[in-house]
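Residue numbers are given in UniProt numbering: position 251 of the sequence shown equals residue 251, and the series is strictly consecutive. Think of the CB as a built atom: it goes at the ideal place given N, C-alpha and C, for glycine as much as any other residue.
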Amino acid sequence: MIYSDNNNPREDSVFLRVKRAVRCGGRGPVTGPIQMVDFLRDFRCLEEEQRASGRKGVTHKQFVKLMEQYGTKLREGDAAYLCKAFDDDNDGYINPERFVRHFTGLNQRRHNAVLRAWASLPKDAKGRVRRNHLNERFSETVTHGDVWGTFSSTVPREAQANNADDDSDDPTLCFEEFLAFYAAVSVEIPLDEKFELFLLREWCADSSRAPVMNSTLREWGQGGDPLAIGKPLYVQDVLDRPLGLSTKSYNYEHMKRVHPYIPPLPPLQLPYLSTMRKDYREFSTQERALSNTLHGR
1 MIYSDNNNPR EDSVFLRVKR AVRCGGRGPV TGPIQMVDFL RDFRCLEEEQ RASGRKGVTH
61 KQFVKLMEQY GTKLREGDAA YLCKAFDDDN DGYINPERFV RHFTGLNQRR HNAVLRAWAS
121 LPKDAKGRVR RNHLNERFSE TVTHGDVWGT FSSTVPREAQ ANNADDDSDD PTLCFEEFLA
181 FYAAVSVEIP LDEKFELFLL REWCADSSRA PVMNSTLREW GQGGDPLAIG KPLYVQDVLD
241 RPLGLSTKSY NYEHMKRVHP YIPPLPPLQL PYLSTMRKDY REFSTQERAL SNTLHGR
């Protein structure tokens, strides 16, 4: 499977059916984000369980079984295609990064917005996001929502076992859950600008600020100001530059074409089909020489 933001047609026909079944299967389309959160959480817990037992990751059989648990019905050929698509090393194990990237289906701009929102979340000393801190941060934002309605699913036993060494009763939130929820929300927002603005406002993750003192200071070298012009400017020098040309009379020789001209394909030179050639066979040279031109008169 090619790593790209836009899925290829084969991936749309097989993998899109898997994502639709996970988002809408079992609980209806209203709880689609929660369904995706549960799916990626179970996938991560299964991966951690495999690595704890000394294996590389999730096997093909476990991968297909996990998708079938969430309402996906795959034929044998489709299951083999998906397993081969996410098996980069051809050793029988699924690449988790590639699978999560394609399963969420976010383009580069939306994926970067989710990463910025995740980086702005408060974390503890071990770098983990606590759900109580997440709810406090979410209640102070513009939307003033309740995050427990979003990430209030039952924590699986594997995740409880991983948090058994923590003294706090507050469970943690992994990045896969956060990414899966906004991947499901992303389907309902068609424009990238609206999705990015909605996400950054929701978590106050916008990092725009005014420049501080000396942030734009230039370092002068041996030759003085690095941005200074070392020669006098004349009118002819300005006219020779592309940005100095008049908008009414463009000199296209100074403008580089971004899309160069591509000549059309040559004609196919198909043979001419007349009624005689279409309905009758072609006469040989000997038949033409012996033919009587007055036969039809």
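Tyrosine 93, DSSP secondary structure in three states: For the purposes of this step, residue 93 is identified with residue 93 of the sequence shown, where counting begins at 1. If DSSP states are grouped into helix, strand and coil, tyrosine 93 belongs with the strands.
Cβ-Cβ distance between arginine 131 and proline 171 below 7 Å: If you number the sequence shown from 1, residue 131 lands on position 131. If you number the sequence shown from 1, residue 171 lands on position 171. Yes; because the gap between Cβ atoms is below 7 Å, this pair is in contact.
DSSP state of arginine 157 mapped onto helix, strand, coil: Reading the sequence shown from its first residue, position 157 is the one you call residue 157. Residue placement at arginine 157 is flagged as unreliable, the pLDDT there being 44, under the threshold of 50; a coordinate-derived value is accordingly withheld.
Closest residue to proline 33 among Tyr272, Asn95, Phe103 (Cα-Cα distance): Taking the sequence shown and counting its residues from 1, the one referred to as residue 33 is at position 33. Out of Tyr272, Asn95, Phe103, Phe103 has the C-alpha closest to the C-alpha of proline 33.
Three CB pairs or more closer than 8 Å across the segment 59-67 and the segment 115-124: no
Chain-order list of residues whose beta-carbon lies under 6 Å from that of phenylalanine 39 (same chain, five-residue window excluded): Counting from one through the sequence shown, the residue named residue 39 turns up at place 39. Only Val22, Tyr70 meet the Cβ criterion.
Strand pairing of glycine 221, partner residues [DSSP]: Counting from one through the sequence shown, the residue named residue 221 turns up at place 221. Paired residues: Gly224.
Cross-strand partners of valine 129 (DSSP beta bridge): As a working note, residue 129 is residue 129 in the sequence shown. Partner(s): Leu173.
Bridge partner(s) assigned by DSSP for threonine 293: Within the sequence shown, the letter at position 293 stands for residue 293. Partner(s): none; threonine 293 has no beta bridge.
Contact the segment 50-62 vs the segment 187-205: 3+ CB pairs below 8 Å: no
Phenylalanine 99 at chain C interface by Cβ criterion, 7 Å: Of the protein chains in this structure there is only one, and it is not chain C.
Backbone CA spacing between aspartate 89 and leucine 16 [nearest angstrom]: Locating residue 89 in the sequence shown gives position 89, where the first residue counts as 1. Locating residue 16 in the sequence shown gives position 16, where the first residue counts as 1. Answer to the nearest angstrom: the Cα atoms are 24 Å apart.
C-beta atoms of phenylalanine 195 and valine 37 nearer than 7 Å: As a first step, residue 195 must be located in the sequence shown, where it is residue number 195. As a first step, residue 37 must be located in the sequence shown, where it is residue number 37. Taking 7 Å as the Cβ cut-off, phenylalanine 195 and valine 37 do not qualify as a contacting pair.
Threonine 59 - partner residues in DSSP beta bridges: Numbered from its first residue, the sequence shown carries residue 59 at position 59. DSSP lists Tyr93 as partners of threonine 59.
Alpha-carbon to alpha-carbon, threonine 72 and valine 18: Taking the sequence shown and counting its residues from 1, one reaches residue 18 at position 18. Taking the sequence shown and counting its residues from 1, one reaches residue 72 at position 72. So the two alpha carbons sit approximately 6 Å from each other.
Beta-carbon proximity list for serine 120, same chain, < 6 Å, skipping 5 on both sides: Locating residue 120 in the sequence shown gives position 120, counting from the first residue. Cβ within range, chain order: Trp203, Ala205.
Glutamate 193 and arginine 41 closer than 7 Å at C-beta: Taking the sequence shown and counting its residues from 1, one reaches residue 193 at position 193. Taking the sequence shown and counting its residues from 1, one reaches residue 41 at position 41. Not a contact, by the Cβ cut-off of 7 Å.
Simplified DSSP assignment, three categories, for glutamine 286: Within the sequence shown, residue 286 is the residue found at index 286, counting from 1. Helix at glutamine 286.
Coarse secondary structure for glycine 105, derived from DSSP in three states: Start at 1 with the first residue of the sequence shown, and residue 105 comes out as number 105. Glycine 105 falls in the coil class under three-state DSSP.
7 Å Cβ cutoff met for valine 129 and tyrosine 81: As a first step, residue 129 must be located in the sequence shown, where it is residue number 129. As a first step, residue 81 must be located in the sequence shown, where it is residue number 81. In this structure, tyrosine 81 does not lie closer than 7 Å to valine 129 by Cβ.
Distance between beta carbons of glutamate 47 and proline 96, contact taken as under 8 Å: Taking the first residue of the sequence shown as position 1, residue 96 is located at position 96. Taking the first residue of the sequence shown as position 1, residue 47 is located at position 47. About 6 Å separates the two Cβ atoms, so the contact holds.
Inter-residue Cα distance where the pair is valine 185 and glutamate 76: In the sequence shown, the residue the question calls residue 185 occupies position 185. In the sequence shown, the residue the question calls residue 76 occupies position 76. Taking the straight line from one Cα to the other gives about 31 Å.
Residues near aspartate 124 in its chain [Cβ-Cβ closer than 7 Å; skip 5 each side]: As a working note, residue 124 is residue 124 in the sequence shown. Correct list, in chain order: Arg130.
Option nearest leucine 106 by Cα separation, candidates Asp91, Gly127, Ile94, Ala183: Locating residue 106 in the sequence shown gives position 106, counting from the first residue. Of the listed residues, the one whose Cα sits closest to leucine 106 is Ala183.
Cβ neighbour criterion (16 or more within 10 Å) applied to leucine 199: Here residue 199 refers to the residue found at position 199 of the sequence shown. Buried: at least 16 other Cβ atoms inside 10 Å.
7 Å Cβ shell around residue 334 - same chain, five flanking residues per side excluded: Here the chain comprises residues numbered 1 to 297, so residue 334 is not present and cannot be evaluated.
Residue interval of the alpha helix (DSSP H) (run including alanine 80): Mapped onto the sequence shown, residue 80 falls at position 80. It spans 76-85 - the alpha helix (DSSP H) in which alanine 80 sits, taken as one unbroken run.
6 Å CB neighbourhood of valine 142 in its chain, flanking five on each side removed: Here residue 142 refers to the residue found at position 142 of the sequence shown. Residue confidence for valine 142 is low, a pLDDT of 46 falling below 50, so the modelled location carries little weight; the figure read from the coordinates is stated next. The answer, listed in chain order, is Arg201.
With 16 other Cβ atoms within 10 Å as the buried cut-off, status of aspartate 87: By one-based count along the sequence shown, residue 87 stands at place 87. Buried: at least 16 other Cβ atoms inside 10 Å.
Three-way DSSP call (helix, strand, coil) for alanine 52 in this model: The residue you call residue 52 lines up with position 52 of the sequence shown. The answer is helix: DSSP assigns alanine 52 an H, G or I state.
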